[in-house]
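Enquirer: Structure provided below as structure tokens; questions to follow.
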Amino acid sequence: MGAPALTKAIVNGYEVINVGGIKWVVCTREDRLGEFADEPAANAFALTLPPHRVKPEPEEAGK
Numbered sequence: 002m003g004a005p006a007l008t009k010a011i012v013n014g015y016e017v018i019n020v021g022g023i024k025w026v027v028c029t030r031e032d033r034l035g036e037f038a039d040e041p042a043a044n045a046f047a048l049t050l051p052p053h054r055v056k057p058e059p060e061e062a063g064k
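Just so we're aligned, residue 2 is where the sequence shown starts under the numbering used here, counting upward by one.
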């Protein structure tokens, strides 16, 4: 038995992830924002959110 397939895309700055073909999750590094039955619904949700910008970690900002 193999590992579940992972599909990940960035839509509007948000991660849209699917593991094993069961559900699609829209999230950031910190928060899970929604779960959906299919990819088009997850992508549409991510597109309705304000653009997400990742802020650099404090130790990375000085480099």
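Using N, Cα and C, we set each Cβ at its ideal position, and we do this for glycine too. Since the model is a prediction, treat every value here as computed from it, not as a measurement.
#1: Nearest to E58 by CA position, among A43, A38, R30, is which residue?
#2: Between which residues of its own chain and V27 is the CB-CB distance below 6 angstroms, once the five residues before and five after are set aside?
#3: Consult DSSP for T8 and reduce its assignment to one of helix, strand or coil.
#4: Please report the residue range of the beta strand (DSSP E) in which L34 lies.
#5: Using only CA atoms, which one of P41, R54, A4 lies nearest to V20?
Expert: So, to answer that:
#1: R30
#2: Y15, V17, L34, G35, A43, F46, A47
#3: strand
#4: 33-37
#5: A4
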